[in-house]
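What follows is a single structure, written as structure tokens, with notes after it.
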Amino acid sequence: MTDSVAVIGAGPGGLVTARWLSAQGFEVTIFESGTELGGQWTGAPGRSGVWPDMHTNTSRILTAFSDLPHDGTATFPSNRDVHHYLRRYAEMFDLVPRYGAEVLRLSRGWIVETSDGSEQFDRVVVASGRFQSPVIPTVPGLDTFAGEVGSTFAFRDPDRYRGKRVLVAGCAVSALEIATAVSHAGADVVVTQRRQRYVLPKFAAGVPSDHRIFTRYGVLAAETLPAAEIDRQLKEIVVEAGGSPEQYGAPAPDPSLFAAGVTLSQDYLPLVGEGRIRVRPWMSSVAERAVSFADGATETFDAILFGTGFRQHIPFLDEDIRATVDLDDVHLDADLHTFHPDLPGLAFVGMWDQSGGYFVPLELQARWIAYTWAGVIPSRAPDVQRAAVATYRGRRGLPQKTRMNVIGLAFARLAGVEPSLARWPELRRSLLFGPLAPSCFRLEGLDALPDAPERFARDAAAFGAITDERLSEREARYWSLVREAATRAPGS
């Protein structure tokens with residue numbers, strides 16, 4: 003008898019998981035609380051943080067799944083492009099969500115309750131999204147502010163801020179992109195931040211920056227080289243691509259990129275350099291329209307927009323499940339954010355925070371789930387899962403953000419689809435230093451495709467990034483460091 007699976011959410015994670023579960027013979031029902039598929043990419047107010055003029059900060063190659071490329075789309079797709087892509091993907095695999103089906107409760111026995119009643123499934127995937135409940139931090143006096151207080155999640159129209167004084171709080175991608183948008187619209191913009199991050203432009207010498215920084219080499223290096231060397235190499239890439247913030251008149255970040263952090267924006271630093279965006283340290287207090295900052299300065303504003311992150315919000319989980327995974331605003335105990343040994347038949351999709359695009363790791367996570375549940379690859383033993391959960395718990399309270407290449411390769415290895423460098427000498431440079439394109443995960447393993455080598459070579463060569471397979475001098479030097487470190491490792 004075919005196992006039934008409920009997939010909660012019809013965003014990118016829910017759709018790609020439904021596709022791979024269906025391919026393994028599961029009977030899949032997709033529950034979607036909204037009126038259309040796409041998750042964030044619908045642009046629906048209250049459900050999405052996407053504004054009408056927004057474009058992705060990840061290239062079209064890394065904002066796609068392995069079965070369907072973004073042919074003919076701009077380098078950085080618009081939100082409408084991505085939404086159209088997801089509709090095409092759903093049509094390609096006959097994925098038809100049950101719309102208006104808000105899940106009110108999920109309980110053990112895998113009973114899904116909606117306003118239409120209850121249904122029991124053999125398995126459930128929670129893919130309801132990680133970025134829907136914005137965090138507004140506590141600031142003394144904020145409740146007295148006489149102007150507009152909002153979040154970047156609700157931002158839609160930059161023109162409504164023309165001629166106004168706007169304070170944007172935060173230094174992640176959405177904060178800087180919205181600061182840029184309202185500055186272009188004619189607002190007087192100040193950004194307040196707790197620390198200065200390095201800022202990577204979307205393009206580096208005509209190549210999307212995510213093709214340069216989220217590589218397979220980066221993961222292999224992180225696994226073998228000292229953290230200080232990885233820090234140095236990443237900083238070298240970032241600063242060569244876009245300079246250091248102090249060169250534009252922003253505060254100098256910590257010399258360590260790991261300590262400072264890195265964010266992404268094409269126009270933010272140039273606007274700082276032109277004086278069209280000013281930077282302040284974090285706000286210390288608010289009194290009506292006056293905002294005071296940690297440096298002692300005070301300015302008046304018409305609006306404050308917070309781009310200060312999201313809290314994890316899965317309100318439909320039964321209390322027993324919530325307690326088992328020890329769910330809070332940030333954490334969810336699970337083996338690589340996916341399985342819990344005490345909740346067999348339940349999987350979570352997309353419940354982590356990262357830098358870089360989500361499409362590639364979401365598909366790899368979906369394949370791991372589908373292959374595991376279908377029994378075509380072995381399940382992780384309960385003691386292995388418990389050890390993974392214990393490791394995760396040991397990091398509670400520490401920074402939780404990962405990188406898309408790190409988590410993507412972790413899922414690929416578990417799914418058995420990470421390509422072997424030794425098997426693909428003709429693609430060695432592309433595999434090491436090229437983009438972590440979805441096509442490279444169809445080279446070998448389950449569901450390998452005969453045209454994957456050609457497709458991946460084309461993806462790596464896109465935008466003039468990798469036009470031959472000879473390592474550059476820097477790449478050869480970096481790769482030799484990894485190989486030397488690997489030969490010195492115990493058991494090598």
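So for the sequence shown, this note's numbering puts the first residue at 3; every next one is plus one. Just so it is clear, CB atoms sit at the ideal spot from N, CA and C, and this is done for glycine as well. Because the structure is a prediction, the values reported are computed rather than measured.
| request: Please name the residue, chosen from Ala207, Gln314 and Ala181, that lies closest to Gly277 on a Cα-to-Cα basis. | output: Mapped onto the sequence shown, residue 277 falls at position 275. Answer by Cα proximity: Ala181.
| Residue span of the beta strand (DSSP E) that contains Val201, given as start and end | Within the sequence shown, numbered from 1, the residue matching residue 201 stands at position 199. Counting along the chain, Val201 sits inside the beta strand (DSSP E) bounded by residues Tyr200 to Leu202.
| Would DSSP call His85 helix, strand or coil? | Here residue 85 refers to the residue found at position 83 when the sequence shown is read from its first residue. DSSP places His85 in helix when its eight states are reduced to three.
| request: Grab the span of the alpha helix (DSSP H) containing Thr19 for me, first residue to last. | output: The sequence position of residue 19 within the sequence shown is 17, counting from 1. For Thr19, the uninterrupted alpha helix (DSSP H) segment begins and ends at Pro14 to Ala25.
| Sequence-distant residues of the same chain with beta carbon closer than 6 Å to Ile306, five excluded per side | Taking the sequence shown and counting its residues from 1, one reaches residue 306 at position 304. Result list for Ile306: Val151 and Leu169, in chain order.
| query | Among Pro380, Leu338, Leu433 and Gly13, which one has its Cα closest to the Cα of Thr404? | reply | Translated into the one-based positions of the sequence shown, residue 404 becomes position 402. If we check each option's Cα against that of Thr404, Leu338 comes out closest.
| task | Drop a sphere of 10 angstroms on the beta-carbon of Ser357, count the other beta-carbons inside from all chains shown, and report buried for 16 or more, exposed for fewer. | result | Translated into the one-based positions of the sequence shown, residue 357 becomes position 355. Ser357 is buried by the Cβ-count criterion.
| message | Can you check which of these residues, Val332, Ala450, Phe216 and Arg280, is closest to Pro247 by C-alpha distance? | response | For this step, residue 247 is matched to residue 245 along the sequence shown. Distance from the Cα of Pro247 is smallest, within the candidate group Val332, Ala450, Phe216 and Arg280, for Arg280.
| Any idea if Arg313 is buried or exposed, counting beta-carbon neighbours within 10 angstroms, 16 or more meaning buried? | Counted from its first residue, the sequence shown places residue 313 at position 311. Exposed: under 16 other Cβ atoms inside 10 Å.
| Using a Cβ-Cβ cut-off of 7 Å (strictly less than) and excluding sequence neighbours within five positions of Leu504, which residues of its own chain qualify? | Residue 504 falls outside the range modelled here, since the chain spans only 3 to 494, and no answer is possible.
| said: For Glu471 and Val7, I'd like the C-alpha separation in whole angstroms. | reply: As a working mapping, residue 471 is identified with position 469 in the sequence shown. As a working mapping, residue 7 is identified with position 5 in the sequence shown. Going from the Cα of Glu471 to the Cα of Val7 covers about 43 Å.
| task | Under the assumption that Gly149 contacts Arg164 (Cβ atoms under 8 Å), give the Cβ distance between them as a whole number of angstroms. | result | Mapped onto the sequence shown, residue 149 falls at position 147. Mapped onto the sequence shown, residue 164 falls at position 162. Contact annotation, Gly149 with Arg164: C-beta distance approximately 15 Å; criterion of less than 8 Å not satisfied.
| query | DSSP three-state call for Gln249: helix, strand or coil? | reply | Mapped onto the sequence shown, residue 249 falls at position 247. Three-state result, Gln249: helix.
| Can you tell me whether DSSP reads Phe437 as helix, strand or coil? | To locate residue 437, count along the sequence shown from 1; it is residue 435. Looking at the sequence shown, residue 437 is not Phe but Pro. Secondary structure of Pro437 (DSSP, three-state): coil.
| message | By the three-class DSSP mapping on this structure, what secondary structure does Leu169 have? | response | Along the sequence shown, one-based indexing puts residue 169 at 167. The three-state reading of DSSP puts Leu169 in strand, counting E and B together.
| Per DSSP, Phe312 is paired with what? | Counted from its first residue, the sequence shown places residue 312 at position 310. Its beta-bridge partners are Pro136.
| query | Quick one, are the C-beta atoms of Arg132 and Gly352 less than 8 Å apart? | reply | Here the question's residue 132 lines up with position 130 in the sequence shown. Here the question's residue 352 lines up with position 350 in the sequence shown. Between Arg132 and Gly352, the C-beta spacing is below 8 Å.
| said: Distance check for Gly418 and Gly407, CA to CA, integer angstroms please. | reply: The residue labelled residue 407 in the question sits at position 405 within the sequence shown. The residue labelled residue 418 in the question sits at position 416 within the sequence shown. It is worth fixing the name first, because residue 407 is Asn in this sequence and not Gly. The straight-line gap from Cα to Cα measures roughly 16 Å.
| message | Check whether the stretch 203 to 210 and the stretch 37 to 55 are in contact - that is, three or more C-beta pairs closer than 8 Å. | response | Between the stretch 203 to 210 and the stretch 37 to 55 there are fewer than three C-beta pairs closer than 8 Å, too few to call the two in contact.
| What are the uninterrupted segments assigned as beta strand (DSSP E) that are 3 or more residues long and contained completely in the stretch 91 to 147, given in chain order? | Within the stretch 91 to 147, complete beta strand (DSSP E) segments of at least 3 residues are found at 107 to 109, 113 to 116, 119 to 122 and 125 to 128, given in chain order.
| request: Taking 8 Å as the cut-off, decide whether the C-beta atoms of Thr454 and Gln26 are in contact. | output: The residue you call residue 454 lines up with position 452 of the sequence shown. The residue you call residue 26 lines up with position 24 of the sequence shown. The question names Thr, yet the displayed sequence has Ala at residue 454. For Ala454 and Gln26, no; Cβs fall outside 8 Å.
| task | Mind reading off the beta-carbon distance from Gly143 to Ala296? Whole number of angstroms is fine, and I expect it under 8 Å. | result | Reading the sequence shown from its first residue, position 141 is the one you call residue 143. Reading the sequence shown from its first residue, position 294 is the one you call residue 296. Not a contact, Cβ separation roughly 15 Å.
| task | Look up His333 in the DSSP assignment and say whether it is helix, strand or coil. | result | Counted from its first residue, the sequence shown places residue 333 at position 331. Residue state, collapsed to three classes: coil.
| query | In whole angstroms, what separates the C-alpha of Leu202 from that of Leu236? | reply | Taking the sequence shown and counting its residues from 1, the one referred to as residue 202 is at position 200. Taking the sequence shown and counting its residues from 1, the one referred to as residue 236 is at position 234. If you draw a straight line from the Cα of Leu202 to the Cα of Leu236, it comes to about 11 Å.
| query | Where do the N-terminal and C-terminal ends of the alpha helix (DSSP H) with Arg382 fall, by residue? | reply | Counted from its first residue, the sequence shown places residue 382 at position 380. Per DSSP, Arg382 lies in no alpha helix (DSSP H) and is assigned neither H nor E.
| query | Are the beta-carbon atoms belonging to Leu108 and Phe318 less than 8 Å from one another? | reply | Taking the sequence shown and counting its residues from 1, one reaches residue 108 at position 106. Taking the sequence shown and counting its residues from 1, one reaches residue 318 at position 316. Leu108 places its beta carbon less than 8 Å from that of Phe318.
| query | Can you name, in chain order, every residue of its own chain whose Cβ lies under 7 Å from the Cβ of Ala92, other than the five neighbours on each side? | reply | Working through the sequence shown from its first residue, we reach residue 92 at position 90. Around Ala92, the same chain offers Leu17 and Leu39 as residues with beta carbons nearer than 7 Å, after the five sequence neighbours per side are excluded.
| request: With a 10 Å radius around its C-beta and 16 neighbouring C-beta atoms as the bar for buried, classify Glu238 as buried or exposed. | output: For the purposes of this step, residue 238 is taken as residue 236 along the sequence shown, with counting starting at 1. With fewer than 16 other beta carbons inside 10 angstroms of its own, Glu238 counts as exposed.
| query | So is Val378 buried or exposed if we call it buried at 16+ other beta carbons inside 10 Å? | reply | Numbered from its first residue, the sequence shown carries residue 378 at position 376. That one is exposed.
| request: Give me the Cα-Cα distance between Thr37 and Thr140, rounded to the nearest whole angstrom. | output: What you label residue 37 is simply residue 35 of the sequence shown in a count that begins at 1. What you label residue 140 is simply residue 138 of the sequence shown in a count that begins at 1. One C-alpha to the other measures close to 34 Å.
| said: Buried or exposed, going by whether 16 or more other CB atoms sit within 10 Å of the CB of Arg479? | reply: What you label residue 479 is simply residue 477 of the sequence shown in a count that begins at 1. With fewer than 16 Cβ atoms within 10 Å of its Cβ, Arg479 is classed as exposed.
| field | Residue span of the alpha helix (DSSP H) that contains Arg490, given as start and end | value | Residue 490 sits at position 488 when you count from the first residue of the sequence shown. Residues Glu475 to Arg490.
| With distances taken between CB atoms, is the gap from Thr154 to Arg282 smaller than 8 Å? | Here residue 154 corresponds to residue number 152 of the sequence shown, with the count starting at 1. Here residue 282 corresponds to residue number 280 of the sequence shown, with the count starting at 1. Contact: no.
| query | alpha helix (DSSP H) containing Val408: first to last residue? | reply | As a first step, residue 408 is located in the sequence shown; it is residue number 406 there, counting from the start. Start and end: Met406 to Ala417.
| request: List the DSSP bridge partners of Asp190. | output: Within the sequence shown, the letter at position 188 stands for residue 190. Among the bridge pairs identified by DSSP, Asp190 is matched with Arg167.
| field | Cβ-based burial, Ala12 [other Cβ within 10 Å; buried from 16] | value | If you number the sequence shown from 1, residue 12 lands on position 10. Answer is buried; the Cβ neighbour count reaches 16.
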